[in-house]
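With the UniProt record's numbering, letter number 360 in the sequence shown gets 360, and the count goes up by one each step, no holes.
Glycine is no exception: its CB is placed at the ideal position from the N, C-alpha and C atoms.
The next block holds one structure in the form of structure tokens; read it before the comments.
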Amino acid sequence: MFFSKDLPSPTSFFTAYASMAGYMMMIRSMTHQLIPGPVQDFIYSSLHSLLFRSTSTTLTLTIDDDNMGMHNEIYQAAQTYLSTKISPEEARLRISKGHRDKHVNLYLSDGEAVNDVYQNVELKWRFVTDRGDKKGDDDGRSEYFELSFDKKHKDLILNSYIPHVESKAKEIRDERRILMLHSLNSLRWESVILEHPSTFKTIAMENELKRDVMEDLDRFIRRKDYYKKVGKAWKRGYLLYGPPGTGKSSLVAAMANYLKFDVYDLQLASVMRDSDLRRLLLATRNRSILVIEDIDCAVDFPNRLEQQQPGEGKNCGDSQAPLTLSGLLNFIDGLWSSCGDERIIIFTTNHKDRLDPALLRPGRMDMHIYMGHCTFQGFKTLASNYLGLNDTTMPHRLHPEIERLMDGEVITPAQVAEELMKSEDADVALEGLVNVLEKMRFKANELSPVLKKKESRLERDEMRARPDTEGSPRKNSKRIKKLVLFWT
Numbered sequence: 001m002f003f004s005k006d007l008p009s010p011t012s013f014f015t016a017y018a019s020m021a022g023y024m025m026m027i028r029s030m031t032h033q034l035i036p037g038p039v040q041d042f043i044y045s046s047l048h049s050l051l052f053r054s055t056s057t058t059l060t061l062t063i064d065d066d067n068m069g070m071h072n073e074i075y076q077a078a079q080t081y082l083s084t085k086i087s088p089e090e091a092r093l094r095i096s097k098g099h100r101d102k103h104v105n106l107y108l109s110d111g112e113a114v115n116d117v118y119q120n121v122e123l124k125w126r127f128v129t130d131r132g133d134k135k136g137d138d139d140g141r142s143e144y145f146e147l148s149f150d151k152k153h154k155d156l157i158l159n160s161y162i163p164h165v166e167s168k169a170k171e172i173r174d175e176r177r178i179l180m181l182h183s184l185n186s187l188r189w190e191s192v193i194l195e196h197p198s199t200f201k202t203i204a205m206e207n208e209l210k211r212d213v214m215e216d217l218d219r220f221i222r223r224k225d226y227y228k229k230v231g232k233a234w235k236r237g238y239l240l241y242g243p244p245g246t247g248k249s250s251l252v253a254a255m256a257n258y259l260k261f262d263v264y265d266l267q268l269a270s271v272m273r274d275s276d277l278r279r280l281l282l283a284t285r286n287r288s289i290l291v292i293e294d295i296d297c298a299v300d301f302p303n304r305l306e307q308q309q310p311g312e313g314k315n316c317g318d319s320q321a322p323l324t325l326s327g328l329l330n331f332i333d334g335l336w337s338s339c340g341d342e343r344i345i346i347f348t349t350n351h352k353d354r355l356d357p358a359l360l361r362p363g364r365m366d367m368h369i370y371m372g373h374c375t376f377q378g379f380k381t382l383a384s385n386y387l388g389l390n391d392t393t394m395p396h397r398l399h400p401e402i403e404r405l406m407d408g409e410v411i412t413p414a415q416v417a418e419e420l421m422k423s424e425d426a427d428v429a430l431e432g433l434v435n436v437l438e439k440m441r442f443k444a445n446e447l448s449p450v451l452k453k454k455e456s457r458l459e460r461d462e463m464r465a466r467p468d469t470e471g472s473p474r475k476n477s478k479r480i481k482k483l484v485l486f487w488t
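Now the structure itself:
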């Protein structure tokens with residue numbers, strides 16, 4: 001049995017409490033002075049995890065924007081992917097627009113979250129900004145995403161969902177991609193935005209040829225593993241040939257718009273050495289089209305070799321070696337062609353017969369595309385583009401006459417487009433085109449006998465030049481070339 005005399009007095013109780021509180025304050029002050037803040041946070045979090053162990057089944061993945069000093073591709077993919085998942089009901093959003101962007105880009109703000117569902121699995125994305133020392137210094141700032149889901153779906157998320165996010169992000173970037181046109185300036189690539197309106201829908205080509213080209217491009221894009229399996233560089237070569245004004249440049253632009261590839265316009269006349277060519281081509285990016293227009297007259301490789309003095313090629317280093325045809329071909333299908341993936345090389349020429357046979361050998365240019373004079377099918381495409389005429393509903397009354405006059409090689413697509421642009425009235429524009437076609441047809445009929453005489457005379461001159469081949473093959477080839485240039 002306790003008596004009141006056995007209990008401590010209130011005075012002694014409060015005295016002991018005051019002493020204990022003083023000791024606690026002293027210990028706390030010493031702790032803050034002697035133990036750094038990050039170490040304190042670590043100790044507190046460790047004690048908390050031991051004393052209050054969580055039984056949650058949620059797993060959270062952290063996706064940092066920085067990966068050992070390099071950009072984290074998963075972070076960039078997540079940022080692009082989530083931009084399409086953001087709800088307009090979000091309380092806060094970040095927006096941005098670069099000088100090359102066509103639309104405003106939406107991003108999550110700090111602390112905001114977005115829910116997603118993948119194969120009936122619920123996921124939660126959260127964007128977090130860590131400001132480091134919280135003194136406003138951007139050097140210590142970092143950004144990351146937190147991806148939370150049930151632990152039992154870990155394998156599905158890592159092996160299937162993350163690749164799905166990367167794949168979708170690539171599709172989104174391709175749709176938003178701003179195409180660039182690169183050209184040479186003092187052996188450096190300069191870039192401008194490529195906004196050429198040409199597409200496979202608007203270009204004046206036969207439907208079958210369009211379909212063949214598009215199917216070939218699609219097959220090339222999806223066969224990365226196939227090219228690797230057969231041991232070939234992942235590149236494709238096209239030779240576009242035909243008279244001027246037949247749409248070769250428009251086809252290049254249509255291919256770029258279709259594939260979302262940048263275009264590099266290489267002017268060989270500005271390149272003097274193989275080493276310069278190698279450096280320029282190595283500076284091109286993947287998923288691009290390299291174009292060399294008018295390859296037959298872009299550079300005279302034999303003349304450059306003839307200007308070289310005897311012995312110069314042996315004594316000079318590779319950096320001083322002049323530009324050669326073999327150096328160019330080495331980048332098309334030689335060892336250097338493997339430096340880069342998803343590349344397309346296009347040569348254009350008005351005269352295929354003038355090209356060096358080395359450029360035409362099988363396997364060098366994978367597809368030869370003839371861009372000829374405008375056909376009636378091509379005219380209907382142009383009439384739809386410029387005048388809004390739809391041949392499937394009601395053909396224009398002048399269509400039969402135009403089809404008759406366009407039979408054969410009479411007019412180029414560029415000339416047809418020029419006539420159609422002269423008036424917005426379909427009747428006026430088509431009547432003007434009929435007049436032009438009649439004049440061209442009449443002129444062609446008058447010149448036909450003269451052209452036949454020139455062709456026969458050229459054949460006789462070539463026959464006379466043949467006996468000279470054994471003595472000097474190079475001189476003989478030059479004579480034939482001069483004759484061809486003279487008569488054409």
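Closest to residue i by C-alpha separation, out of the options, would be which residue?
i: ALA169; options: LYS85, ARG364, ASP150; result: LYS85
i: LEU323; options: SER270, VAL128, ARG343; result: SER270
i: TYR118; options: MET20, GLY363, GLU215, PRO163; result: PRO163
i: PHE200; options: GLU143, GLY245, GLU175, TYR258; result: TYR258
i: GLY111; options: ASP341, PRO395, GLU143; result: GLU143
i: ILE344; options: ASP65, TYR81, MET365; result: MET365
i: HIS196; options: SER96, SER46, ILE178, THR15; result: ILE178
i: GLU347; options: ASN385, PRO395, CYS297; result: For the sequence presented, residue 347 should be read as Phe rather than Glu. Taking only the C-alpha atoms, the option nearest PHE347 is CYS297.
i: SER87; options: ALA77, ASN115, ILE74, VAL436; result: ASN115
i: LEU405; options: PRO395, THR57, LYS439; result: LYS439
i: THR60; options: LYS152, ASN445, GLU401, SER160; result: LYS152
i: LEU217; options: THR58, TRP234, LYS229, VAL230; result: TRP234
i: ASN385; options: SER12, THR11, SER198, MET180; result: SER198
i: SER288; options: GLN267, HIS399, ARG236; result: ARG236
Between which two residues does the beta strand (DSSP E) containing residue i stretch?
i: HIS182; result: 180-184
i: ILE411; result: First-last for ILE411: undefined, no H or E at that position.
i: ILE63; result: 58-64
i: GLY237; result: 235-241
i: THR381; result: Run containing THR381: none in the beta strand (DSSP E); it sits in the alpha helix (DSSP H), 376-387.
i: SER326; result: Taken as a continuous stretch (DSSP letters only), SER326 belongs to no beta strand (DSSP E), being part of the alpha helix (DSSP H) at 325-333.
i: GLU215; result: Element bounds for GLU215: not the beta strand (DSSP E) but the alpha helix (DSSP H), 207-221.
i: LEU359; result: Premise fails: LEU359 lies in the alpha helix (DSSP H), 357-360, not in any beta strand (DSSP E).
i: LEU158; result: First-last for LEU158: undefined, no H or E at that position.
What are the boundary residues of the alpha helix (DSSP H) that residue i is part of?
i: PHE200; result: Premise fails: PHE200 is in no alpha helix (DSSP H) and is neither H nor E.
i: TYR107; result: Unbroken run through TYR107 is the beta strand (DSSP E), 105-108; no alpha helix (DSSP H).
i: ALA269; result: ALA269 -> no alpha helix (DSSP H), and no H or E assigned at all.
i: ASP225; result: 224-230
i: TYR118; result: Careful: TYR118 lies outside any alpha helix (DSSP H), inside the beta strand (DSSP E) at 113-118.
i: TYR81; result: 73-82
i: GLU175; result: 162-176
i: LYS248; result: 248-259
i: LEU123; result: No alpha helix (DSSP H) contains LEU123, which is instead part of the beta strand (DSSP E) from 121-130.
i: ILE402; result: 399-405
What is the C-beta distance between residue i and residue j, in whole angstroms, given that I count them as a contact (C-beta under 8 angstroms)?
i: LEU433; j: GLU419; result: 5 angstroms
i: ALA113; j: LEU194; result: Incorrect: roughly 38 angstroms between the Cβ atoms, too far for contact.
i: ASN390; j: ASP341; result: 41 angstroms between Cβ atoms; not a contact.
i: VAL263; j: HIS182; result: 7 angstroms
i: ASP274; j: VAL291; result: Actually they are not in contact, since the Cβ atoms of ASP274 and VAL291 sit about 20 angstroms apart, beyond 8 angstroms.
i: TYR107; j: ARG126; result: TYR107 to ARG126, Cβ: 13 angstroms. No contact.
i: TYR75; j: PHE145; result: 7 angstroms
i: ILE63; j: LEU147; result: 6 angstroms
How big is the Cα-Cα spacing for residue i and residue j?
i: ASP155; j: PHE149; result: 11 angstroms
i: ILE203; j: ASN67; result: 45 angstroms
i: PRO302; j: THR284; result: Per-residue confidence for PRO302 stands at a pLDDT of 47, beneath the threshold of 50, marking its modelled position as unreliable; the derived number appears in the next sentence. The alpha-carbon atoms of PRO302 and THR284 are separated by roughly 27 angstroms.
i: ALA417; j: LEU325; result: 37 angstroms
i: THR15; j: ARG28; result: 20 angstroms
i: LEU328; j: GLY242; result: 22 angstroms
i: LEU305; j: GLY98; result: Model confidence at LEU305 stands at a pLDDT of 41, short of 50, so the residue's coordinates are unreliable; what they give is reported in the following sentence. Going from the Cα of LEU305 to the Cα of GLY98 covers about 47 angstroms.
i: LEU240; j: PHE442; result: 29 angstroms
i: VAL213; j: VAL128; result: 47 angstroms
i: ASP427; j: GLY388; result: 12 angstroms
i: GLY313; j: MET272; result: Summary for GLY313: the model assigns pLDDT 42, below 50, so the residue's position carries little reliability, and this model does not support an answer.
i: ALA383; j: MET205; result: 13 angstroms
i: ASN435; j: GLN415; result: 13 angstroms
i: THR11; j: SER19; result: 12 angstroms
i: TYR226; j: SER250; result: 30 angstroms
i: TYR238; j: GLU293; result: 12 angstroms
i: ILE172; j: LYS352; result: 40 angstroms
i: LEU360; j: MET367; result: 10 angstroms
i: GLY247; j: ARG397; result: 27 angstroms
Let me see if you follow: with CB-CB separation under 8 angstroms, is residue i close to chain B or not?
i: ASN286; result: Going by chain labels, chain B is absent from the structure shown, which holds only one protein chain.
Quick check: does the Cβ of residue i come within less than 7 angstroms of any heavy atom belonging to the ligand NAD?
i: THR80; result: The model on display carries no ligand, and the ligand NAD is accordingly not part of it.
Does the stretch 355-375 touch the stretch 402-415, meaning 3 or more C-beta pairs lie closer than 8 angstroms?
yes
When you compare the stretch 184-200 with the stretch 272-284, are there three or more beta-carbon pairs, one atom per stretch, that lie closer than 8 angstroms?
yes
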